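Trainee: Below you will find the structure I want to go over with you.
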Amino acid sequence: MHVIVCIKQVPDTTNVKINPETNTLMRDGVESILNPFDEYALEMGLKLKDTQGARVSVITMGPPQADVILRDAIARGADDGVLLTDRAFAGADTLATSYALSLAIRKVNEHPDLVLFGKQAIDGDTAQVGPGVSEYLGYTLLCNVKSLTVQGNHFQAESVYEEGSDIWEGEFPCVMTVLKEAPAPRFASLKGCMNARKAKTQWLAAKDTNADPERLGLKGSPTKVVKIFSPPVRDCEMKCVWKSDKAKALSSILDALKKKGALK
Amino acid sequence: MLTEKGGMQIPWVPGLMHAEGYPVGSLTKLTIYLAQLCEKEGAEIYTGFAATELVEDAQGRIIGVKTGAKGLDHKGGQKSNYLPAEEIRAKTVVLGEGAFGVLTNRLLNRKKMHGARPQSYAVGVKEIIEVSPNPDRVGEIMHTFGYPSDMKTYGGGFVYWTAPNQIMVGYVYGLDYANPSANPHKLFRKFKAHPAVQAFIRGGKAVAYGAKVIPEGGYYSVPQLYNDGVMIVGDAGGLVDSLRIKGIHIAMISGRLAGETLAECWKKNDFSKQQLGQYDVKLKADPVWQQLKRVKNVRAGFSKHMFIGVMNAGFAWATCGALPFWQVSMEEDYKGMRPLSECKPDEWDIPTSQLQPDRLTDVFMSGTKHEEDQPCHIRILDKDRCVKECLPKYGAPCLHFCPAQVYTLEEDHIQVDFSNCMHCKTCQVKDPLRNVEWNFPQGGDGPRYTRM
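Residue numbers (our numbering), protein chains in the order written: chain A, 1 to 264; chain B, 265 to 716.
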């Protein structure tokens with residue numbers, strides 16, 4: 001069994017600020033991290049390594065610095081890592097990214113059994129690249145997966161939606177996007193980190209994927225960013241209830257919510 | 265020297281306290297840069313693992329460290345992602361844990377390696393403030409003492425204009441202070457409100473925050489810096505010039521000398537205590553050690569009165585440390601705390617603003633993060649003593665001295681919000697009842713300083 005996990009390096013958005021004058025991200029002092037959702041996708045893959053003996057490969061597209069997230073994944077137990085890096089990929093929207101990733105996946109393995117994504121990346125929040133890749137690969141798509149059990153070529157997966165959840169049964173190959181409700185990601189061990197430091201990652205340029213240059217990067221991206229702005233602060237009523245005693249504070253919160261119709 | 269409303273420039277400042285022509289910048293960024301240089305040379309750096317134990321052999325030689333387990337829940341049970349502790353063996357362990365290093369202190373206690381005088385600390389709180397860009401002022405710095413500290417407490421502030429739109433402001437407060445309601449964060453806000461500081465930061469906005477204790481006991485408080493299988497470098501060894509409150513240069517030099525010593529050990533294949541002792545010999549022959557010696561009583565002088573401190577510092581300077589020739593005594597910082605009934609609370613307050621955020625807003629800006637479902641790393645040994653002894657006598661100073669507002673008073677107990685913790689160790693230094701034990705949280709948790 002071969003599982004490919006697609007991961008992304010993102011700015012740590014808990015610390016990101018937007019420059020109010022230029023409306024661009026202020027990158028100074030902002031760390032780059034592995035997209036938190038992708039950690040859960042990776043964990044799902046690594047569980048299959050533990051239980052099914054699956055090979056787990058990680059792929060990312062990004063600047064050369066993104067190599068560190070491949071090593072993070074290898075430290076946690078992934079077998080190999082591929083970095084798609086080339087000026088030609090720069091400025092790609094979700095369509096061009098899906099195209100490039102699907103070619104890279106085919107390059108790693110013409111017929112992988114399972115391709116995993118985090119539900120979405122915390123920088124763009126589009127949740128479109130996983131579904132996009134499934135289209136290009138012609139694979140079944142399951143989104144918002146919370147749990148997965150596998151028997152041979154057969155799987156059972158639980159997908160969670162706002163209204164409830166579905167249990168799906170099916171056969172590989174398949175593309176899945178994974179929720180944070182899935183089992184918690186494992187930590188890299190010190191030994192794992194030492195191994196990852198020495199690991200060889202494979203770097204692919206645009207020409208290695210035999211991609212159509214017209215469909216890559218900015219050129220291949222029909223999405224245009226017209227404007228970035230911080231949404232204005234919404235007017236809302238604020239009231240301090242903490243200073244009174246706890247029971248009173250709690251009941252005043254409940255009363256307020258009932259009044260608004262949020263609670264019955 | 266600041267007074268409540270104004271201040272004066274000290275007419276004569278010793279040569280070494282000048283810093284004309286020096287570059288100013290972010291220590292975090294410098295550290296990251298240096299780490300990259302080391303990695304380029306082949307050094308391996310593994311972050312996100314806390315060394316929580318020193319491993320000793322039967323003869324008492326340090327032979328490695330143990331990392332803390334990860335993935336424990338709040339009761340100490342194993343979660344699904346549990347990662348057991350790992351042991352790393354080494355020919356020598358170099359402890360560079362920073363001020364009040366927990367492993368270092370355990371080692372010093374166990375092997376009786378403490379210096380002649382107990383280490384004394386100050387707590388420093390610092391913010392980065394963004395202002396409208398003014399390239400002409402980059403490089404301007406100001407160091408102050410006096411207000412808002414009282415005359416009996418060693419305290420002072422600093423302002424560094426580090427980039428066209430960025431100023432670093434900090435306030436350092438001696439932890440031998442007497443008033444249990446003293447609040448370093450509030451003193452920092454007072455400092456920022458002073459006209460001399462306002463001249464730099466008016467109209468600005470605080471964007472980052474940090475806090476840490478500084479070992480400023482100096483010469484007499486430096487412990488034995490090596491033992492069988494172990495060396496101590498930097499702030500962990502109290503290597504701070506207590507007149508200038510600077511230790512980064514000594515830390516770097518101590519690290520280099522420890523490295524050179526190890527290189528010789530490697531060449532001779534001799535890692536004995538005697539060979540490691542070469543580190544001590546080298547450090548004590550280095551000019552920085554002479555600097556430490558010259559100001560050996562400066563900090564202790566200030567523990568009496570600001571005026572005596574200044575006189576004493578002047579004497580020490582003028583006589584190259586010959587005067588005073590005796591070792592001025594100092595006790596452990598926590599012993600300096602007076603009962604609440606003998607002290608006046610500080611009623612000063614101003615509204616919060618972007619330039620004057622409250623403590624919790626500042627904590628948020630430190631980026632500190634801890635997995636919530638893990639054993640609490642700050643343990644109150646006897647919870648009853650907090651409300652029965654400490655509260656009536658001292659008014660629970662932890663509520664005030666913690667720059668991260670970890671401690672809050674609930675109806676009948678002190679609540680510990682450990683996820684606020686910035687690992688500054690003020691509670692370890694100042695708790696008057698010795699009732700708080702700081703342990704290691706899950707490796708990788710803590711403040712996220714990126715440009716401090």
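The beta carbon of each residue, even a glycine, is placed where N, CA and C say it ideally should be.
The structure displayed is predicted, hence computed values, not measured ones.
How would you call residue 702 of chain B, buried or exposed, if buried means at least 16 neighbouring beta carbons within 10 angstroms?
Mentor: Residue 702 of chain B should be labelled buried.
Trainee: The alpha helix (DSSP H) spanning residue 136 of chain A covers which residue range?
Mentor: Taken as a continuous stretch (DSSP letters only), the alpha helix (DSSP H) holding residue 136 of chain A covers 129-137.
Trainee: Compare the Cα-Cα distances from residue 625 of chain B to each of B/410, B/453, B/655 and B/271 and report the closest residue.
Mentor: It is B/453 whose Cα lies nearest to the Cα of residue 625 of chain B.
Trainee: Quick test of your reading: residue 542 of chain B and residue 481 of chain B, contact by CB under 8 Å. State the CB separation rounded to the nearest angstrom.
Mentor: Not really, about 25 Å apart at Cβ, beyond 8 Å.
Trainee: Which residue marks the beginning of the beta strand (DSSP E) containing residue 469 of chain B, and which one marks its end?
Mentor: Segment 469-479, the beta strand (DSSP E) holding residue 469 of chain B.
Trainee: Compare the C-beta of residue 71 of chain A with all C-beta atoms of chain B and state if any pair is closer than 8 Å.
Mentor: No - not a single Cβ of chain B is within 8 Å of the one on residue 71 of chain A.
Trainee: So that I know if they touch, is there some Cβ in chain B lying closer than 8 Å to that of residue 187 of chain A?
Mentor: Answer yes: the Cβ-Cβ gap between residue 187 of chain A and chain B drops below 8 Å somewhere.
Trainee: List, in order along the chain, the chain B residues whose C-beta lies closer than 9 Å to that of residue 191 of chain A?
Mentor: Simply 350.
Trainee: In angstroms, rounded to a whole number, what distance separates the CA positions of residue 135 of chain A and residue 142 of chain A?
Mentor: When rounded, the distance between both Cα atoms is 12 Å.
Trainee: Does residue 245 of chain A pass the burial test, meaning 16 or more other C-beta atoms within 10 Å, or should it be called exposed?
Mentor: Exposed, since its Cβ has fewer than 16 Cβ neighbours within 10 Å.
Trainee: How would you label residue 98 of chain A, buried or exposed, when you count the other beta carbons within 10 angstroms and need 16 or more for buried?
Mentor: Burial call: buried.
Trainee: Can you tell me where the alpha helix (DSSP H) with residue 645 of chain B in it begins and where it stops?
Mentor: Premise fails: residue 645 of chain B is in no alpha helix (DSSP H) and is neither H nor E.
Trainee: Going by alpha carbons, who is nearest to residue 367 of chain B out of B/387, B/315, B/420 and B/403?
Mentor: Considering only alpha carbons, the answer is B/315.
Trainee: Which chain B residues sit within Cβ distance under 9 Å of residue 183 of chain A?
Mentor: Under the 9 Å cutoff, chain B gives 344 and 345.
Trainee: Since I believe residue 464 of chain B is in contact with residue 208 of chain B (beta carbons under 8 Å), could you give me their beta-carbon distance rounded to a whole number of angstroms?
Mentor: With chain B represented from 265 up to 716, any question about residue 208 of chain B goes unanswered, as that position is not in the structure.
Trainee: When the Cα of residue 84 of chain A is compared with those of A/204, A/238, A/258 and A/249, which residue comes out closest?
Mentor: The option with the nearest alpha carbon to residue 84 of chain A is A/204.
Trainee: Report the residue from A/96, A/151 and A/39 whose alpha carbon sits nearest the alpha carbon of residue 116 of chain A.
Mentor: Looking at the Cα atoms, A/39 is the closest of the given residues.
Trainee: So what does DSSP say about residue 154 of chain A, is it helix, strand or coil?
Mentor: Here residue 154 of chain A sits in strand by DSSP.
Trainee: Residue 628 of chain B: buried (16+ other C-beta within 10 angstroms of its C-beta) or exposed?
Mentor: Counting Cβ neighbours within 10 Å, residue 628 of chain B comes out exposed, since fewer than 16 surround it.
Trainee: Residue 313 of chain B touches chain C at which residues, Cβ-Cβ below 7 Å?
Mentor: Judged by its chain identifiers, the structure shown contains no chain C, and its protein chains are A and B.
Trainee: Taking the alpha carbon of residue 266 of chain B as the point to measure from, which residue in B/642, B/459 and B/443 has its own alpha carbon closest?
Mentor: Minimum Cα distance to residue 266 of chain B is reached at B/459.
Trainee: Which residue's Cα is closest to the Cα of residue 352 of chain B: B/320, B/682 and B/677?
Mentor: Selected option, being the one with the closest Cα: B/320.
Trainee: Once you ignore the five residues that flank residue 140 of chain A on each side, which residues in its own chain have a CB closer than 8 Å to its CB?
Mentor: The residues are 134, 170, 173, 174 and 175.
Trainee: For residue 31 of chain A, return the contacting residues in chain B, with the cut-off set at a CB-CB distance below 8 Å.
Mentor: Simply 712 and 714.
Trainee: Ends of the alpha helix (DSSP H) at residue 43 of chain A?
Mentor: 36-52 is the extent of the alpha helix (DSSP H) around residue 43 of chain A.
Trainee: Count the other C-beta atoms from every protein chain shown that fall within 10 angstroms of the C-beta of residue 43 of chain A, then say buried if there are 16 or more, exposed otherwise.
Mentor: Looking at its Cβ environment, which holds 16 or more other Cβ atoms inside 10 Å, residue 43 of chain A is buried.
Trainee: With burial defined as no fewer than 16 other Cβ atoms inside 10 Å of the residue's Cβ, what is the status of residue 680 of chain B: buried or exposed?
Mentor: When all chains shown are included, residue 680 of chain B counts as buried.
Trainee: Decide if residue 665 of chain B is buried, meaning its Cβ has at least 16 other Cβ atoms within 10 Å, or exposed.
Mentor: So residue 665 of chain B counts as buried.
Trainee: Assuming residue 332 of chain B and residue 707 of chain B form a contact by the criterion Cβ under 8 Å, report the distance between their Cβ atoms to the nearest whole angstrom.
Mentor: Right, their Cβ atoms sit about 6 Å apart.
Trainee: Run down chain A in chain order and give the residues with a C-beta less than 9 Å from the C-beta of residue 385 of chain B.
Mentor: Those do not exist, as residue 385 of chain B stays about 28 Å from chain A at its closest Cβ, beyond 9 Å.
Trainee: Quick check on residue 197 of chain A - is its C-beta less than 8 Å from some C-beta in chain B?
Mentor: Yes, its Cβ sits closer than 8 Å to a Cβ of chain B.
Trainee: Is residue 120 of chain A buried or exposed, if buried means 16 or more other CB atoms sit within 10 Å of its CB?
Mentor: Buried, by the Cβ-count rule.
Trainee: What does residue 331 of chain B touch in chain A if you count any residue whose Cβ is under 8 Å from its own?
Mentor: Residues of chain A passing the Cβ test: 190.
Trainee: Determine whether the Cβ of residue 726 of chain B lies closer than 8 Å to any Cβ atom of chain A.
Mentor: Outside the shown range of chain B (265 to 716) lies residue 726 of chain B, about which nothing can therefore be said.
Trainee: In chain order, which continuous runs of the alpha helix (DSSP H) of length 4 or greater are located wholly inside the region 190-257 of chain A?
Mentor: Listed in chain order, they are 190-198.
Trainee: From the DSSP output, in three-state form, read off residue 685 of chain B for me.
Mentor: The answer is coil: DSSP assigns residue 685 of chain B none of H, G, I, E or B.
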